[in-house]
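Undergrad: Numbering (this note's numbering), first residue to last: 20 to 427. Quick reminder that beta carbons are idealized off the backbone N, C-alpha and C, glycines included. As the structure is a computational prediction, the values presented were derived from the model and not from experiment. Here you go, one structure.
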């Protein structure tokens, strides 16, 4: 069977999956458009500002539109938030104080945030006397309520935050659905928890019809070069949630005496607004790409997650390989099918924030943008590639064809 025949067969089997993805995209597009309408977005909101940025209506309103689109009361959207990890770090330090405890109920967090949490002598939460404990997941990758309850009562007196990582990171579990996040929010509230429920929402925005703040989360954080930037935002991150927490976080982003009153960006905000507007459609393209790639890899005998009988809860797909050579060849194939730097031969390297060598394909218009077709992997057992993004379904198919030609 040729690569093209394999793709055609996979597409034929995914008709219902694609219809569901289209329905979600249409719902979310309407939701975002209503947010734009609510805040009467006009050309003036795209204008840049300089200096302090007092009265920067574009900046302030952008936060409001993001918050409305993501089910929250208030929001901060800023190019000064340099990545998802940076946005998470600012939000954590904004909410937490010395002596506070955090309980992460989704297992060990993603590699790049661990230095923020557990680092020594680098200004981490640990350095500031903030403790961070984790409950492991069940064998099937779900929240372990018995462990959560046990740890909640152990930490009760100092516990100020429940931390949830929605996406899988470099794990083989599925991303958590919004319903699962809502259920665990209700569960910890039933135990008596009154603090902040905090969600790392990276890779999950607009994959479902609802968002974590719709179902009980107090704060949700993400990167604009992932889903909500729609492939257009050139940089930045967002933090949305309850107004009281966003106020605290704003005082960490700038200064305690200033908060969200200042912040300028001379280059203007059009790409941030337009990226958000495009995000539901762009995420839909990435989800369809993930589905067809997952189906083809399954047909060739490669184990991958999430399984095709499940609706994806984020844009990432984990694909297992037997050897480091197979893993690297897959990542290299993605780079070769990229519009930018397709001629580059990738090699594993010691990437900042990771505890093993990483190989990363990211031939993107925006450097490192995970909403664009990309793939990466720590080069260690189990040899697993993490594939995500795709601005257009057509690009996903083209890359898949290149990958399959090598595998077949």
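Within 10 angstroms of its Cβ, does residue 172 collect 16 or more other Cβ (buried), or is it exposed?
TA: By the 10 Å Cβ count, residue 172 comes out exposed.
Undergrad: Tell me, to the nearest whole angstrom, how far the beta carbon of residue 151 is from that of residue 137; I am working on the premise that it is less than 8 Å.
TA: The Cβ separation is near 7 Å, so the contact holds.
Undergrad: Any contact between the stretch 22 to 30 and the stretch 306 to 321? By contact I mean 3 or more CB pairs, one from each, below 8 Å.
TA: In short, these stretches touch, since the Cβ pair count reaches three.
Undergrad: If residue 408 and residue 392 are in contact, beta carbons under 8 Å, what's the gap, nearest whole angstrom?
TA: 5 Å between Cβ atoms; contact.
Undergrad: Just curious, the alpha helix (DSSP H) that residue 383 is in, first and last residue?
TA: From DSSP, residue 383 is part of no alpha helix (DSSP H); its letter is neither H nor E.
Undergrad: In chain order, which beta strand (DSSP E) runs of at least 3 residues are fully inside the stretch 192 to 257?
TA: As far as the stretch 192 to 257 is concerned, its whole beta strand (DSSP E) runs of at least 3 residues are 215 to 219, 238 to 242.
Undergrad: Please classify residue 279 as buried or exposed, where buried requires at least 16 other C-beta atoms within 10 Å of its C-beta.
TA: Label assigned to residue 279: buried.
Undergrad: Answer yes if the stretch 175 to 184 comes into contact with the stretch 319 to 330, meaning at least three C-beta pairs across the two stretches below 8 Å, and no otherwise.
TA: Counting Cβ pairs under 8 Å, fewer than three are found: no touch.
Undergrad: From the DSSP output, in three-state form, read off residue 155 for me.
TA: Three-state result, residue 155: coil.
Undergrad: CB residue 217 to CB residue 111, shorter than 9 Å?
TA: Cβ distance < 9 Å, so residue 217 and residue 111 count as in contact.
Undergrad: Can you tell which of 36, 46, 25, 85 has the C-alpha that lies nearest to the C-alpha of residue 300?
TA: Ranking 36, 46, 25, 85 by Cα distance to residue 300 puts 46 first.
Undergrad: I'd like to know if the stretch 267 to 283 and the stretch 91 to 102 are in contact, where contact means that at least 3 CB-CB pairs between them fall below 8 Å.
TA: With the cut-off at 8 Å, the stretch 267 to 283 and the stretch 91 to 102 touch.
Undergrad: Buried or exposed, going by whether 16 or more other CB atoms sit within 10 Å of the CB of residue 191?
TA: That one is exposed.
Undergrad: Is residue 370 helix, strand or coil by DSSP?
TA: Coil at residue 370, not helix or strand.
Undergrad: In chain order, what residues of the same chain have a beta carbon less than 8 Å from the beta carbon of residue 254, not counting five sequence neighbours either side?
TA: Once the five neighbours on either side are set aside, the close Cβ partners of residue 254 are 98, 101, 243, 244, 385.
Undergrad: From what residue to what residue does the alpha helix (DSSP H) around residue 94 run?
TA: Taken as a continuous stretch (DSSP letters only), residue 94 belongs to no alpha helix (DSSP H), being part of the beta strand (DSSP E) at 93 to 97.
Undergrad: Could you check whether the stretch 327 to 338 touches the stretch 77 to 84, counting it as contact only if at least three pairs of C-beta atoms, one from each stretch, sit closer than 8 Å?
TA: They do not touch, by the three-pair rule.
Undergrad: How about residue 26 and residue 228: are their beta carbons less than 9 Å apart?
TA: No; because the gap between Cβ atoms is not below 9 Å, this pair is not in contact.
Undergrad: Check the DSSP bridge columns for residue 339 and list the partner residues they point to.
TA: 403, per the DSSP bridge assignment.
Undergrad: Roughly how many angstroms separate the alpha carbons of residue 11 and residue 351, rounded to a whole number?
TA: The structure shown does not extend to residue 11, since the chain spans only 20 to 427, so no value can be given for it.
Undergrad: Just how far apart, CA to CA, sit residue 285 and residue 356?
TA: Distance between the alpha carbons of residue 285 and residue 356: 35 Å.
Undergrad: Assuming the contact rule is C-beta atoms closer than 8 Å, residue 428 and residue 234 should be a hit. Round their C-beta distance to whole Å, please.
TA: Examination of residue 428 is not possible in this model, given that the chain is present from 20 through 427 alone.
Undergrad: Under 9 Å between the Cβ atoms of residue 124 and residue 154?
TA: The answer is yes: Cβ separation under 9 Å.
Undergrad: How far does the alpha helix (DSSP H) with residue 290 in it reach, from first residue to last?
TA: Segment 289 to 318, the alpha helix (DSSP H) holding residue 290.
Undergrad: For residue 427, does the three-state DSSP call read helix, strand or coil?
TA: Coil, per DSSP.
Undergrad: Would you call residue 187 buried or exposed, if buried means 16 or more other Cβ atoms sit within 10 Å of its Cβ?
TA: Answer is buried; the Cβ neighbour count reaches 16.
Undergrad: Contact check, residue 113 vs residue 271 under 8 Å by CB: the rounded distance?
TA: That belief holds up - the Cβ atoms of residue 113 and residue 271 are roughly 4 Å apart, short of 8 Å.
Undergrad: For residue 285, which of helix, strand or coil comes out of DSSP?
TA: Correct three-state label for residue 285: coil.
Undergrad: If you draw a straight line from the alpha carbon of residue 73 to that of residue 241, how long is it in whole angstroms?
TA: Their Cα atoms are separated by approximately 25 Å.
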